[in-house]
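Here's the structure we're looking at; comments come further down.
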Amino acid sequence: MRHFKSQLLLLLPAAAVYLFFLVLPLWTVIAESFRTFTPGRIGAVAGAPLTVKNYTEFAGPVYATYFGQTYVLAFFASVIAIIIAFPVAYYIAKNASASVRKIWISALVGLMFLSALVRIYAIELTFGSVGILAPFMSFVGVNMNGTAYINIIIIVGLLHYAIPISILIMIGAILNLNPRLTEAAQSLGASAIESHLSVTIPLCIKGIVSAFLVSMTFGVSAFAIPWILGRGRVQFISNIIYSRFSEVSNYPSGAAISIIMLVLSLLMIFIISRIATFFDRT
Numbered sequence: 001m002r003h004f005k006s007q008l009l010l011l012l013p014a015a016a017v018y019l020f021f022l023v024l025p026l027w028t029v030i031a032e033s034f035r036t037f038t039p040g041r042i043g044a045v046a047g048a049p050l051t052v053k054n055y056t057e058f059a060g061p062v063y064a065t066y067f068g069q070t071y072v073l074a075f076f077a078s079v080i081a082i083i084i085a086f087p088v089a090y091y092i093a094k095n096a097s098a099s100v101r102k103i104w105i106s107a108l109v110g111l112m113f114l115s116a117l118v119r120i121y122a123i124e125l126t127f128g129s130v131g132i133l134a135p136f137m138s139f140v141g142v143n144m145n146g147t148a149y150i151n152i153i154i155i156v157g158l159l160h161y162a163i164p165i166s167i168l169i170m171i172g173a174i175l176n177l178n179p180r181l182t183e184a185a186q187s188l189g190a191s192a193i194e195s196h197l198s199v200t201i202p203l204c205i206k207g208i209v210s211a212f213l214v215s216m217t218f219g220v221s222a223f224a225i226p227w228i229l230g231r232g233r234v235q236f237i238s239n240i241i242y243s244r245f246s247e248v249s250n251y252p253s254g255a256a257i258s259i260i261m262l263v264l265s266l267l268m269i270f271i272i273s274r275i276a277t278f279f280d281r282t
């Protein structure tokens with residue numbers, strides 16, 4: 001009993017910080033999302049009546065487009081990041097020497113700390129409508145102001161973050177693989193590709209899913225990338241939230257869309273985790 005009390009005392013500071021800096025602000029956002037907004041004011045009036053209108057307004061087709069843009073582009077960026085990152089992570093973990101592996105990991109970690117605005121404007125100055133590749137794109141007939149091209153540029157921007165973090169996550173999963181399992185599959189007649197597909201990838205499924213979830217979470221919550229590269233034609237939910245809070249001062253609406261986004265993200269994580277658990281068992 002005394003040991004339990006000592007452990008509880010050790011947990012109290014962390015629990016207090018967690019409750020004060022996470023639970024309390026989240027509860028404030030939830031409470032604000034049910035308040036009635038009065039135009040011309042900043043936020044809801046104190047003691048404003050409760051309403052669910054802040055949630056029902058997002059059921060329209062316009063907001064469905066914003067949600068679709070956010071989750072579809074984040075999904076494609078995450079899938080592409082996994083496809084690119086897995087071979088690189090496998091090379092670093094299995095084929096590179098210890099010194100080369102350290103260089104790779106240091107470079108990837110350093111890349112993660114590179115300023116977001118530097119990366120985004122580097123993409124804009126290269127692939128944007130006034131970028132260095134603009135004359136070539138015009139020559140080959142690419143409409144650089146079209147929605148499809150802007151979507152591709154946003155995906156490229158998301159990949160700048162998704163690929164390095166995916167590589168770092170999957171390196172650990174691949175390093176823990178038992179090489180004898182692949183050798184056993186090849187000794188039974190499987191080719192290198194077959195053993196890779198039937199042994200290596202299934203055993204790395206947890207690392208792959210973890211990398212995908214991190215990439216997807218980042219993509220869904222991205223703000224500066226769609227704001228700058230989207231040029232106002234492609235907007236993510238994070239941009240709508242910013243507009244509600246900072247430009248319109250409609251705090252209840254911004255809070256409601258924040259909660260909707262949180263619930264959808266948690267649901268996405270739950271579904272993907274369940275799918276990964278199913279494949280891991282099989």
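FYI, UniProt numbering numbers position 126 of the sequence shown as 126, with every residue one higher than the one before it.
Just so it is clear, CB atoms sit at the ideal spot from N, CA and C, and this is done for glycine as well.
Every value quoted in this text rests on a predicted model; they were computed, and no experiment measured them.
Runs of the alpha helix (DSSP H) lying entirely within the segment 145 to 188 and spanning at least 4 residues, in chain order: 147 to 175, 179 to 187. The Cβ-Cβ distance between Thr70 and Phe236 falls below 8 Å. Positions of the alpha helix (DSSP H) runs, each at least 4 residues long and wholly inside the segment 103 to 132, are given as 116 to 127 in order along the chain.
When the beta-carbon positions are compared, Leu158 and Ala46 stay at least 8 Å from each other. For the set Tyr242, Phe67, Thr36, the Cα lying nearest the Cα of Ala48 is the one of Thr36. Counting along the chain, the unbroken alpha helix (DSSP H) around Ala64 starts and ends at 61 to 90. Within 10 angstroms of the beta-carbon of Ala98 lie fewer than 16 other beta-carbons, which makes it exposed. Cβ-Cβ distances below 7 Å link Val234 to Gln69, Thr147, Ile150, Asn151, Ile154, Pro226 in the same chain, with the five nearest sequence neighbours on each side left out; the list follows chain order. Residue range 205 to 221 is occupied by the alpha helix (DSSP H) that includes Gly219. Here Arg180 is exposed, its C-beta having fewer than 16 other C-beta atoms within 10 Å. In the same chain as Ile269, and ignoring 5 residues on each side of it, the C-beta atoms closer than 7 Å to its own belong to Leu213, in chain order.
If you compare the alpha carbons of Ala190, Ala85, Ile228, Val29 with that of Ala122, the shortest gap goes to Ile228. Ala31: member of the alpha helix (DSSP H) spanning 24 to 33, first to last residue. When Pro25, Val23, Ile84 are compared, the shortest CA-CA separation from Ser215 is found for Ile84. Of all alpha-carbon atoms in Ile205, His160, Leu267, Ala192, the one lying nearest the alpha-carbon of Leu177 is that of Ile205. Ranking Leu175, Ser195, Ile174 by CA distance to the CA of Ala184 puts Ser195 first. Between Glu32 and Pro252, the gap from beta carbon to beta carbon is short of 8 Å. Going by C-alpha positions, Ala93 is about 6 Å away from Leu175. Excluding residues up to 5 positions away in sequence, Ser249 lie with their Cβ nearer than 7 Å to the Cβ of Ile42 in the same chain.
The beta carbon of Ile82 is closer than 7 Å to those of Ser166, Ile208, Ala211, Phe212 in its chain, skipping five residues each way along the sequence. Under DSSP, Leu50 shares a beta bridge with Arg35. Boundaries of the alpha helix (DSSP H) around Leu229: 224 to 229. When DSSP states are grouped into helix, strand and coil, Gln235 belongs to the coil group.
The alpha-carbon separation between Thr126 and Val52 amounts to approximately 45 Å.
With fewer than 16 other beta carbons inside 10 angstroms of its own, Phe136 counts as exposed.
With contacts defined by Cβ atoms closer than 8 Å, Tyr63 and Ala256 do not form a contacting pair.
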